[in-house]
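For reference, the structure discussed in these notes is given below.
There are 2 protein chains.
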Amino acid sequence: MLYAVDMSTALPPGPQPEEPLDGTQVLVPFGAGADGPCLRADAARNRARLLEAAARLVAEHGAAGVTMEAVAAAAKVGKGTVFRRFGDRTGLLMALLDHEEKKFQAAFLSGPPPLGPGAPPVERLRAFGCAALRRAADDLDLQLAAEPYPDRRFLIPPRRVRYGHVLMLLRQAVPDADCELLAQTLMSYLDPALIHHLTRQRKMPMQRIQDGWYDLVARVTAARQPA
Amino acid sequence: MLYAVDMSTALPPGPQPEEPLDGTQVLVPFGAGADGPCLRADAARNRARLLEAAARLVAEHGAAGVTMEAVAAAAKVGKGTVFRRFGDRTGLLMALLDHEEKKFQAAFLSGPPPLGPGAPPVERLRAFGCAALRRAADDLDLQLAAEPYPDRRFLIPPRRVRYGHVLMLLRQAVPDADCELLAQTLMSYLDPALIHHLTRQRKMPMQRIQDGWYDLVARVTAARQPA
DNA sequence: TTACGATCCGGACCGAGGTCCGTTTAATTT
DNA sequence: AAATTAAACGGACCTCGGTCCGGATCGTAA
C-alpha cells in the first residue's frame, strides 16, 4: 500500500479556481471522519436536500433534466446555495456519483482479492478493469454529464485515485517501463466516453470490451521480445 | 487504400441533430471539388469573413475569447448567420482547425513514406503518432476548446478518418487481434486532452511522450509470447 | 429585364450556468 | 442571555450559446 500518489499537493501549481468546498473527494481510502470541515447545521441540511432533489430529477428526467435552477427549486433553496455548495454543475453531478465511487475505491484499495490486495498485480489489473467497466456501464449517462471541461478531466480526484492504483500495479508488473504513460493508456480504455461510444453507438457487447481489456493488459505487461 | 470506414452512413442511426451545413468534413482525401454544395455568393463571403474574424479573435484573446457574438460583430454579421453556417460553437472552432487537419490527412493518406503509403505498417504507425503529437501540440488550446460534448467525441469526421487509418495499419500489423479496440487505445494516447495534461499540467517533455508512443506501438503490435 | 422561389440575413428572444451582494442565521464568546 | 462574527442564504443580474421568423437578397427562368 502506501500509495505515493500524493493527491493534495503536486500537479497543478495553479491557484485551483474553486475548491469544491465539499467533502466529496476521497483522498485516503477511509477518511477518518473529517469529511468536509464540518458544515454548519443549515448548510448540511440543505446539502442533503439538494442531493436528494438532484437524484430525483435524474430519475425522472435523466441527467439532462438536472438544471441548477430546477434542483434549487425542488430543494426549496436559492440558486446561489447550489453553487456555493457544489461549485458548478459538474460538481453537483460528481457529488451524486460520489457514493458509488467510494464503494468502488474501497473495493480495489482494501477489498478482497483479486480486486483488492493479495493477488498478483496483473490479475488485480484485470479485475480492476472489469470492475471499472461495470461501474462505467451503470449510470453511464450521469458519468458523461458529469464530465468536466477537458482541461480538468485528469485532475478530478476519482480519476487520480484510479490512476494511482493502476500506476502502482503497473510498476509491480513491468518495473522497467514508463509506467506513468502506460497507466494513462490503460485508464483511457476505461473512459466512460469511450465505453459509451462502443456500447451505445457501435453496439459492441460488453463481453468483447472486457476481452479487449484482458488482451490490452496482456500486451502492455508482456515481457518484451528480445527483438 | 480503399478504407471501408464509411463515414456518411452507419454509426448513429439517430436523426443527427444538425448537419454542420459546411464543407468542413473531409470524407475522402482530396475532395474532387464539391466542398459544400456551393454556397450562395453572400453566404460564401460571410463564411470567409467569419472565419477570418474568428482567427483574429483567437490570436488576440485566445480560444476563450471566441464568443459567437464577438465573432459575428467582428465580421459585421448577424449572430444567426454564424450559427446557420457552423451549427454551433464547436463547429466554428473545428472549421478553424480544418485547414491544418486536411493537410495532415493528406500527409498520412497519400504523402511520402514513412507517414504515407509505402512503408511497413508498424513504421507508418510510429510516424503517424509523431505527426499527430506534433499536430496536437500546435494550437492545443484551440483543439481543447473545439472538443465537442463527450457523446460526439468519437463521431467527428477528423477523428473517424484518423481512427480508420490506424485501424487499417493495425490490421496489417496484427491481423489476429481485435484491431478496433486496439485502434481506440492507440487513438486515446494521441488525444489532445491527454497531451495537454501531460505537457502542461505534468510538465512532461514531448520527447518522453513520443518515446512512450513508440513503446506503446511496440507492445500492441508485438508477437505474443506463447505463455 | 422582370418575376419568382429558394436561400440567407439579422437581431430579438429564450434558457441555463455562473456571479454578486445585501440580508439572515447559526455558532461562539462574554 | 446578549453580543459578535463568520458563514450561509437567496434571488436579482449578467453572459453566452442557441432558436426563430419576418424581411432582404441572390440565382434563375421566362
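Residue numbers (the UniProt record's numbering), protein chains in the order written: chain A, 1 to 227; chain B, 1 to 227. The beta carbon of each residue, even a glycine, is placed where N, CA and C say it ideally should be. Owing to the predicted nature of the structure, the values given are computational and were not obtained by experimental measurement.
>> Going by beta-carbon coordinates alone, are B/Ala-146 and B/Leu-190 separated by less than 8 Å?
In response: To locate residue 146 of chain B, count along the second sequence from 1; it is residue 146. To locate residue 190 of chain B, count along the second sequence from 1; it is residue 190. No, they are not a contact pair.
> Nearest to B/Pro-158 by alpha carbon, out of B/Ala-106, B/Tyr-214, B/Asp-42 and B/Gln-207?
Replying inline: Locating residue 158 of chain B in the second sequence gives position 158, counting from the first residue. Out of B/Ala-106, B/Tyr-214, B/Asp-42 and B/Gln-207, B/Ala-106 has the C-alpha closest to the C-alpha of B/Pro-158.
> Using DSSP with H/G/I as helix, E/B as strand and the rest coil, what is A/Ala-119?
Replying inline: Here residue 119 of chain A corresponds to residue number 119 of the first sequence, with the count starting at 1. It is a strand residue.
> Does the distance from the CB of B/Glu-123 to the CB of B/Pro-112 come in under 8 Å?
Replying inline: As a working note, residue 123 of chain B is residue 123 in the second sequence. As a working note, residue 112 of chain B is residue 112 in the second sequence. For B/Glu-123 and B/Pro-112, no; Cβs fall outside 8 Å.
> Can you tell me whether DSSP reads A/Thr-67 as helix, strand or coil?
Replying inline: Looking up residue 67 of chain A in the first sequence gives position 67. It is coil, neither helix nor strand.
>> Please report whether the beta-carbon of A/Phe-104 lies at a distance below 8 Å from any beta-carbon of chain B.
In response: For the purposes of this step, residue 104 of chain A is identified with residue 104 of the first sequence, where counting begins at 1. A/Phe-104 does not count as touching chain B.
> Where do the ends of the alpha helix (DSSP H) carrying A/Lys-102 lie?
Replying inline: Numbered from its first residue, the first sequence carries residue 102 of chain A at position 102. It spans 89-110 - the alpha helix (DSSP H) in which A/Lys-102 sits, taken as one unbroken run.
> For the candidate residues B/Pro-37, B/Ala-222, B/His-99 and B/Asp-138, whose alpha-carbon lies nearest to that of B/Leu-51?
Replying inline: Sequence index remark: in the second sequence, residue 51 of chain B carries index 51 (1-based). Relative to B/Leu-51, the option among B/Pro-37, B/Ala-222, B/His-99 and B/Asp-138 whose CA is nearest is B/His-99.
>> Going by DSSP in three states, A/Phe-86 sits in which element: helix, strand or coil?
In response: What you label residue 86 of chain A is simply residue 86 of the first sequence in a count that begins at 1. Helix at A/Phe-86.
>> Between A/Arg-126 and chain B, is any beta-carbon pair separated by less than 8 Å?
In response: In the first sequence, the residue the question calls residue 126 of chain A occupies position 126. Using a CB distance cut-off of 8 Å, A/Arg-126 does not count as an interface residue toward chain B.
>> Looking only at its chain, what residues have a beta carbon closer than 8 Å to the beta carbon of A/Val-28, apart from the 5 residues adjacent to it on each side?
In response: Here the question's residue 28 of chain A lines up with position 28 in the first sequence. At A/Val-28 the pLDDT is 40, less than 50, meaning the model places this residue with poor confidence; the figure from the coordinates comes in the next sentence. Hits under 8 Å: none found.
> Closer than 8 Å, CB to CB, is A/Arg-219 near chain B or not?
Replying inline: As a first step, residue 219 of chain A must be located in the first sequence, where it is residue number 219. Yes - at least one Cβ of chain B is within 8 Å of the one on A/Arg-219.
> Shortest alpha-carbon distance to B/Arg-135 belongs to which of B/Leu-169, B/Gly-78 and B/Phe-104?
Replying inline: Here residue 135 of chain B corresponds to residue number 135 of the second sequence, with the count starting at 1. Taking only the C-alpha atoms, the option nearest B/Arg-135 is B/Phe-104.
>> Closer than 8 Å is the cut-off here; do at least three beta carbon pairs connect the stretch 214-222 of chain B with the stretch 206-220 of chain A?
In response: Put simply, the stretch 214-222 of chain B touches the stretch 206-220 of chain A. At least three CB pairs are less than 8 Å apart.
> Can you give the beta carbon distance from A/Tyr-163 to A/Ala-183, rounded, assuming they're within the 8 Å contact cut?
Replying inline: As a working note, residue 163 of chain A is residue 163 in the first sequence. As a working note, residue 183 of chain A is residue 183 in the first sequence. Right, the Cβ-Cβ distance comes to about 6 Å (below 8 Å), so this counts as a contact.
> Is A/Pro-205 closer than 8 Å to A/Leu-144 when the C-beta atoms are compared?
Replying inline: Along the first sequence, read from residue 1 onward, the residue named residue 144 of chain A stands at position 144. Along the first sequence, read from residue 1 onward, the residue named residue 205 of chain A stands at position 205. Contact check for A/Leu-144 against A/Pro-205 fails: the beta carbons are separated by 8 Å or more.
> A/Tyr-189 versus chain B: which residues are under 9 Å apart at the beta carbon?
Replying inline: As a first step, residue 189 of chain A is located in the first sequence; it is residue number 189 there, counting from the start. Against A/Tyr-189, the close residues of chain B are Leu-181, Gln-184, Thr-185 and Ser-188, in the order they occur along the chain (beta-carbon pairs closer than 9 Å).
> What residues from chain B crowd round A/Pro-150, counting only those whose CB sits closer than 8 Å?
Replying inline: Indexing the first sequence from 1 puts residue 150 of chain A at position 150. Those within 8 Å of A/Pro-150 in chain B are Leu-144, Glu-147, Pro-192, Ala-193 and His-196.
>> Beta carbons nearer than 7 Å to chain A: which residues of the stretch 45-57 of chain B have them?
In response: Listed by position along the chain: nothing, the set is empty.
> Are the C-beta of A/Leu-97 and some C-beta of chain B separated by less than 8 Å?
Replying inline: Within the first sequence, numbered from 1, the residue matching residue 97 of chain A stands at position 97. A/Leu-97 is outside the set of residues whose beta carbon lies under 8 Å from a beta carbon in chain B.
>> Just to confirm the assignment, what range does the alpha helix (DSSP H) spanning A/Phe-179 have?
In response: For the purposes of this step, residue 179 of chain A is taken as the residue at position 179 of the first sequence. One point to set straight first is that residue 179 of chain A is Cys, not Phe, in the sequence displayed. From DSSP, the alpha helix (DSSP H) with A/Cys-179 extends over 179-189.
> Of all the residues that make up the stretch 207-218 of chain A, which are near chain B by a beta-carbon distance shorter than 9 Å?
Replying inline: Residues Arg-208, Ile-209, Asp-211, Gly-212, Trp-213, Asp-215, Leu-216 and Ala-218.
> Under 8 Å, do B/Leu-96 and B/Ile-195 count as touching if we go by C-beta distance?
Replying inline: To locate residue 96 of chain B, count along the second sequence from 1; it is residue 96. To locate residue 195 of chain B, count along the second sequence from 1; it is residue 195. No, these two residues do not count as a Cβ contact at 8 Å.
> What's the C-alpha gap between A/Arg-45 and B/Leu-140?
Replying inline: As a working mapping, residue 45 of chain A is identified with position 45 in the first sequence. As a working mapping, residue 140 of chain B is identified with position 140 in the second sequence. When rounded, the separation of the alpha-carbon atoms in A/Arg-45 and B/Leu-140 is 43 Å.
> Who are the near neighbours of B/Ser-188 in its chain, counting only those whose CB is closer than 8 Å to its CB and skipping five residues on each side?
Replying inline: Here residue 188 of chain B refers to the residue found at position 188 when the second sequence is read from its first residue. Closer than 8 Å at Cβ, skipping near neighbours: Leu-194.
> Which bits of chain B does A/Gln-172 rub up against, with CB to CB less than 8 Å?
Replying inline: Counting from one through the first sequence, the residue named residue 172 of chain A turns up at place 172. At a C-beta separation below 8 Å, A/Gln-172 has no neighbours in chain B, since its nearest C-beta there lies roughly 17 Å away.
> How would you call A/Glu-101, buried or exposed, if buried means at least 16 neighbouring beta carbons within 10 angstroms?
Replying inline: Against the first sequence, residue 101 of chain A aligns to sequence position 101. Counting C-beta atoms within 10 angstroms of its own C-beta, A/Glu-101 has 16 or more neighbours from the protein chains shown and is therefore classed as buried.
>> Looking at B/Arg-47: is its Cβ nearer than 8 Å to the Cβ of B/Arg-89?
In response: By one-based count along the second sequence, residue 47 of chain B stands at place 47. By one-based count along the second sequence, residue 89 of chain B stands at place 89. No. Outside cutoff.
> What is the DSSP secondary structure of A/Met-168, counted as helix, strand or coil?
Replying inline: Within the first sequence, numbered from 1, the residue matching residue 168 of chain A stands at position 168. Three-state result, A/Met-168: helix.
> If A/Thr-81 and A/Ala-72 are in contact, beta carbons under 8 Å, what's the gap, nearest whole angstrom?
Replying inline: Taking the first sequence and counting its residues from 1, the one referred to as residue 81 of chain A is at position 81. Taking the first sequence and counting its residues from 1, the one referred to as residue 72 of chain A is at position 72. Sure, about 7 Å apart at Cβ, within 8 Å.
> Exposed or buried, A/His-197, counting other C-beta atoms within 10 Å across all chains shown (16 or more means buried)?
Replying inline: Along the first sequence, one-based indexing puts residue 197 of chain A at 197. For A/His-197, the number of other beta carbons within 10 angstroms of its own is at least 16, and it is reported as buried.
> Which residue's Cα is closest to the Cα of B/Arg-126: B/Val-77, B/Pro-37 and B/Tyr-214?
Replying inline: Position 126 of the second sequence holds residue 126 of chain B. A check of alpha carbon separations from B/Arg-126 across B/Val-77, B/Pro-37 and B/Tyr-214 identifies B/Tyr-214 as the nearest.
> Can you find a CB in chain B that lies within less than 8 Å of the CB of A/Arg-153?
Replying inline: Locating residue 153 of chain A in the first sequence gives position 153, counting from the first residue. Chain B contact via Cβ: present.
> Under a CB-based cut-off of 8 Å, is A/Ala-107 close to chain B?
Replying inline: If you number the first sequence from 1, residue 107 of chain A lands on position 107. Not one chain B Cβ lies under 8 Å of A/Ala-107.
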